[in-house]
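Q:
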Amino acid sequence: MSKLSLQNAILTYGQLETTPSKKDNIPEELEDELRRLGCDFVQSAGIVLRLPQVAMATAQVLFQRIIKEFSLLKGHRRYRNEPNESLEYLGQVFYEMKDALVIAEMQILKKLGFNVHVQLPYGLMVNYLKVLELTDHETIPQKAWGYLNDALRTNVYVCYQPATIACAVIWLAARIAQVKLPTSPPWWELFEAELEDIENISRHIMRLYAIRLPSNLPLSLDELEDYLKNYEDRRKSGINDKVDLRPAPETNETNETNEANETNDTNETNDKVDDLGPAPETNDKDDLGPAPMVED
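Numbers given in the working numbering equal positions in the sequence shown, counted from 1, plus 15.
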């Protein structure tokens with residue numbers, strides 16, 4: 016008998032590389048952009064409905080999961096372009112739309128295996144900040160919280176467990192703030208996280224600030240089909256929204272800073288600390304390297 020696990024359902028690398036949309040020849044870049052746009056819609060709808068951030072974050076994680084199970088080309092077509100008239104509560108159209116909604120919900124549940132459990136990293140992040148004595152820092156708690164919100168628009172929440180995500184946003188916020196954290200032993204190992212995963216998550220988050228969503232993304236199935244027909248022509252004409260994601264080479268300034276920090280650390284204490292190097296500017300298109308809200 017399998018044991019009940021409270022961990023989040025995580026997608027494998029194979030699932031990420033063989034999504035139904037990719038099988039229908041939808042470019043990976045376009046799929047990522049539409050996924051990000053969908054998360055923006057979910058967040059905006061939650062704000063209009065005055066929902067708590069936990070509800071909006073959970074909805075975005077479920078959206079990230081389900082979009083990996085359905086092809087974007089299998090969506091419903093828009094029946095007409097005219098604005099919908101107000102629906103009477105007892106009208107036939109109301110019941111037809113209600114039935115369609117129930118059917119859609121059942122399809123989503125079946126695709127997710129009726130597993131809609133979502134553990135969010137907000138509470139873990141707050142506890143980790145307390146352990147690291149960073150709760151009173153001027154910028155780190157707020158920045159880390161913001162990174163958790165922004166990461167909802169990436170693959171992060173469906174690829175990593177909450178503890179690793181919490182460590183990643185703290186690591187990134189500390190790096191931006193030029194705060195050194197212990198590495199002997201590495202502080203993230205206390206929370207069962209791996210440095211490689213932390214760095215990958217940070218790259219995903221930083222890439223959000225380097226790439227802006229195009230203004231002409233398709234919003235319906237008909238628009239998507241037209242977009243795909245013209246996709247190659249757009250690329251040949253030089254329209255390219257991609258940025259260079261190769262690892263940035265080390266500069267002499269960074270090397271000199273690292274050597275100076277190591278010398279000072281040796282004289283002051285025998286404990287090793289993490290040399291974070293110069294903080295990147297989030298508004299610039301940094302060379303970020305390859306890329307592979309609170310529970311009470």
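For every residue, glycine included, the Cβ atom is placed at its ideal position computed from N, Cα and C.
(1) Report yes if the CB atom of Val184 is closer than 8 Å to the CB atom of Leu163, and no otherwise.
(2) Which value, in whole angstroms, describes the spacing of the CA atoms of Glu211 and Tyr137?
(3) Taking one C-beta from the stretch 50-60 and one from the stretch 184-195 each time, how about it: are there three or more such pairs within less than 8 Å?
(4) State the Cα-Cα distance for the pair Gln22 and Val131, rounded to the nearest angstrom.
(5) What's the C-alpha gap between Asp302 and Val108?
(6) For Ala166, collect the residues of the same chain with a Cβ closer than 6 Å to its Cβ; drop the 5 residues on either side in sequence, then sort them by chain order.
(7) Pick helix, strand or coil for Pro35, following the three-state DSSP scheme.
(8) By the three-class DSSP mapping on this structure, what secondary structure does Pro229 have?
(9) Is the CB-CB distance between Asp170 and Leu31 below 8 Å?
(10) Output the distance between the C-alpha atoms of Thr281 and Ile226, rounded to the nearest integer angstrom.
(11) Touch check for the stretch 117-129 and the stretch 61-81: three-plus C-beta pairs under 8 Å?
(12) Thinking C-beta only, is Ala208 closer than 8 Å to Cys182?
(13) Measuring only the C-alpha atoms, how far is Val117 from Ile123?
(14) Leu149: buried (16+ other C-beta within 10 angstroms of its C-beta) or exposed?
(15) Do you know offhand how far Glu84's Cα is from Asn40's?
(16) Please return the same chain residues whose Cβ sits closer than 8 Å to the Cβ of Thr27, not counting the five positions on each side in sequence.
(17) Which of the three DSSP states is assigned to Pro201 in this structure?
(18) With DSSP run on the structure shown, which of helix, strand or coil describes Arg65?
(19) Alpha carbon to alpha carbon, how far is Asn245 from Ser199?
(20) Can you name the start and end residues of the alpha helix (DSSP H) that Ala188 belongs to?
(21) Using C-beta distances below 8 Å, list every residue in its chain close to Ile62, excluding the 5 sequence neighbours before and after it, in chain order.
(22) Only counting the same chain, and skipping five residues up and downstream in sequence, which positions put a Cβ closer than 7 Å to that of Leu139?
(23) If Pro233 and Tyr242 are in contact, beta carbons under 8 Å, what's the gap, nearest whole angstrom?
(24) Indicate the three-state DSSP secondary structure (helix, strand or coil) for Pro295 in the structure shown.
(25) Pull up the distance between the alpha-carbon of Leu45 and that of Thr73, whole angstroms please.
(26) Is it right to say Thr33 is buried, meaning 16 or more other beta carbons lie within 10 angstroms of its own, or is it exposed?
(27) Can you find the residues in the same chain that come closer than 8 Å, C-beta to C-beta, to Ile155, ignoring five residues on each side of it along the sequence?
(28) So, with DSSP's three-state summary, where would you put Val171?
(29) Please tell me whether Leu87 and Leu239 are closer than 8 Å, where the distance is taken between their beta carbons.
A: By the coordinates alone:
(1) yes
(2) 21 Å
(3) no
(4) 11 Å
(5) Summary for Asp302: the model assigns pLDDT 38, below 50, so the residue's position carries little reliability; its value from the coordinates is reported in the next sentence. Approximately 52 Å, taken between the alpha carbons.
(6) Ile220
(7) helix
(8) coil
(9) Contrary to the premise, residue 170 reads as Asn rather than Asp in this sequence. A contact, by the Cβ cut-off of 8 Å.
(10) Confidence at Thr281 is low in this model, with a pLDDT of 40, below 50, so its placement is unreliable and the value that follows should be read with caution. Each residue's alpha carbon lies about 40 Å from the other.
(11) yes
(12) yes
(13) 10 Å
(14) buried
(15) 15 Å
(16) none
(17) strand
(18) coil
(19) 54 Å
(20) 177-192
(21) Met71
(22) Pro177, Ala178, Ala181
(23) 4 Å
(24) No answer about Pro295 holds up, because its pLDDT of 40 lies below 50 and its placement is not dependable.
(25) 23 Å
(26) exposed
(27) Leu144, Leu149, Ile185, Ala188, Ala189, Ala192, Val194
(28) helix
(29) yes
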